[in-house]
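Presented below is the structure to which this report refers.
Number of protein chains: 2
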Amino acid sequence: MNALHHCISQYYPISLPAWEALSKALTRVEVPKSSFLVKEGTVCNKLYFLEQGCLRGYYNLDGKEVTYWFGFEHNFITSFYSFISRKPGIENIQVLEDSTLWGISAEVLHQLFDQHHDLERLVRIINEQYYIRLEERLMAMQFKTARERYEQLLESSPHILQRIPLGQIASYLGISQETLSRIRSQV
Amino acid sequence: MNALHHCISQYYPISLPAWEALSKALTRVEVPKSSFLVKEGTVCNKLYFLEQGCLRGYYNLDGKEVTYWFGFEHNFITSFYSFISRKPGIENIQVLEDSTLWGISAEVLHQLFDQHHDLERLVRIINEQYYIRLEERLMAMQFKTARERYEQLLESSPHILQRIPLGQIASYLGISQETLSRIRSQV
DNA sequence: GTTTTCTTTTGACAATTGTCAAAAAAGGAA
DNA sequence: TTCCTTTTTTGACAATTGTCAAAAGAAAAC
């Protein structure tokens with residue numbers, strides 16, 4: 001739980017009462033490798049903080065698994081579309097390494113928002129930071145070659161390459177596994 | 001201003017005092033075609049609501065203008081990275097048609113957040129909706145062909161094609177103008 | 001240690017998309 | 001209208017990336 005508190009304070013330092021209310025509302029979740037935190041076609045009702053481990057979000061398109069994010073230690077995790085819209089999503093969240101998370105339901109979170117303005121501010125700020133990251137990823141996808149995207153990933157997240165199979169990384173970069181393999185051998 | 005109120009209420013109905021405070025804080029901005037609302041290298045200090053007109057966000061990469069969003073009536077407009085981080089951005093916001101906007105500075109908005117919790121909630125919710133849109137766009141960019149992205153754009157925003165030069169649309173879709181021209185001639 | 005399974009690499013070829021250059025078309029200004 | 005500028009289309013060719021199939025390598029199970 002300390003990791004969460006530390007992570008939060010880097011975004012926005014909430015008041016003690018807000019932190020106490022939040023920490024009471026959190027549930028510890030442990031999930032084994034290869035299991036699923038969220039399955040497509042269901043409503044994802046929870047927001048998670050990943051304390052330890054590694055996950056990925058993917059969906060099925062034309063019979064292929066399409067990975068569009070990875071989550072590592074100290075990331076916030078949810079099936080965003082589903083969590084926000086309260087509708088079933090197409091996303092699967094799969095556990096890539098045995099993981100420990102802290103979860104809170106949408107209902108409880110919204111109750112806390114009513115009681116603690118600063119908690120809602122925190123979430124607003126976190127959302128904004130995640131938006132900026134997404135924006136950067138979109139730009140890379142829109143205007144950089146496969147090789148450039150790979151090199152950018154190497155720089156920003158070298159740890160991904162040690163922990164994730166190549167096929168999933170290729171999918172995340174929007175290229176085929178074969179192309180990524182060839183790019184790697186030419187660097 | 002009515003358009004803004006109506007737009008807001010579709011996201012989250014704020015209280016009357018919050019609306020009054022917000023509407024007092026807004027400045028009307030009129031900008032002529034071809035002018036710039038934001039220039040790269042500067043801090044974008046304002047969040048805008050576009051009442052009438054049309055804008056685009058782009059940046060320069062290797063001597064080329066790279067368009068990554070268009071704004072139309074009833075969209076919220078800002079150079080997001082710069083507005084959030086308070087740092088100079090690389091983005092230019094250019095006016096494509098004579099436009100009318102309502103603007104508010106980051107400072108004033110944050111003051112209003114302190115005074116009106118529901119205003120901050122509104123912005124949180126709007127951010128979340130814009131996040132979802134961005135997510136959809138990233139997915140399209142990552143896993144669809146140029147033709148599919150074009151057809152998707154045709155469906156979701158046919159008005160873009162009437163109002164925006166082809167070269168800018170091609171850039172937005174992440175393809176060359178020649179390719180888009182060829183795709184169009186084959187549909 | 002051996003087998004089985006999963007992951008990565010390689011080859012051959014096809015499809016997609018980009019680049020450069022020029023022509024055609026459309027839109028505005030005088 | 002006529003001229004000028006901007007936008008769009010077309011052609012030829014090159015570069016990038018994808019697909020399919022098979023081989024090689026690594027990891028996990030027995």
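Chains as they are written, first to last, in full-length UniProt numbering: chain Z, 1 to 187; chain V, 1 to 187.
Just so you know, even glycine gets a beta-carbon here, dropped at the ideal spot from N, CA and C.
- Annotation note: the UniProt domain "Cyclic nucleotide-binding" (29–116) of chain V contains the following uninterrupted alpha helix (DSSP H) runs of length 4 or greater, listed N- to C-terminal: 80–85, 106–115.
- By the Cβ test, the stretch 84–101 of chain V is in contact with the stretch 46–66 of chain V, since at least three Cβ pairs between them sit closer than 8 Å.
- The straight-line gap separating the alpha-carbon atoms of Ile8/V and Ala25/V is approximately 15 Å.
- With a cutoff of 8 Å on beta-carbon distance, Gly89/V and Tyr81/V are scored as near each other.
- Proximity to Pro13/V across Glu148/V, Arg121/V, Leu37/V, Lys46/V peaks at Arg121/V, based on C-alpha coordinates.
- Closer than 8 Å at the C-beta level to chain Z, one finds these residues of the stretch 141–168 of chain V: Met141, Gln142, Phe143.
- A Cβ-Cβ separation of about 17 Å leaves Asn75/Z out of contact with Phe36/Z under the 8 Å criterion.
- Listed along the chain, the chain V residues whose CB falls inside 8 Å of the CB of Gly174/Z are Met141, Gln142, Phe143.
- Residue environment: Glu51/Z is assigned as buried (16 or more neighbouring CB atoms within 10 Å of its CB, all protein chains considered).
- In the structure shown, Thr145/Z adopts coil according to DSSP, grouped into three states.
- Thr78/V is not a Cβ neighbour of Tyr172/V, given a cutoff of 8 Å.
- The straight-line gap separating the alpha-carbon atoms of Tyr11/Z and Ser185/V is approximately 49 Å.
- With the rule of 3 Cβ pairs closer than 8 Å, the stretch 130–150 of chain Z counts as touching the stretch 166–180 of chain Z.
- The CB of Phe113/Z comes closer than 9 Å to the CB of His117, Arg121, Arg124 in chain V, given here in chain order.
- Within the stretch 60–94 of chain Z, those residues whose Cβ lies closer than 8 Å to any Cβ of chain V are, in chain order, Leu61, Val66, Tyr68, Phe80, Tyr81, Ile84, Ser85.
- Not flagged as an interface residue toward chain Z: Arg184/V, since no C-beta distance is shorter than 8 Å.
- Of the candidates Val123/V, Pro17/V, Pro158/V, Leu4/V, the residue whose Cα lies closest to the Cα of Thr27/V is Leu4/V.
- For Tyr172/Z, the uninterrupted alpha helix (DSSP H) segment begins and ends at 166–173.
- Under DSSP, Thr27/Z shares a beta bridge with Gly103/Z.
- Under the Cβ distance rule, Glu135/Z counts among the residues neighbouring chain V, one pair being separated by less than 8 Å.
- Taken atom to atom, the span from the alpha-carbon of Leu112/V to that of Tyr48/V is near 15 Å.
- Taking all protein chains shown into account, Gln162/Z has fewer than 16 neighbouring C-beta atoms within 10 Å of its C-beta and is therefore exposed.
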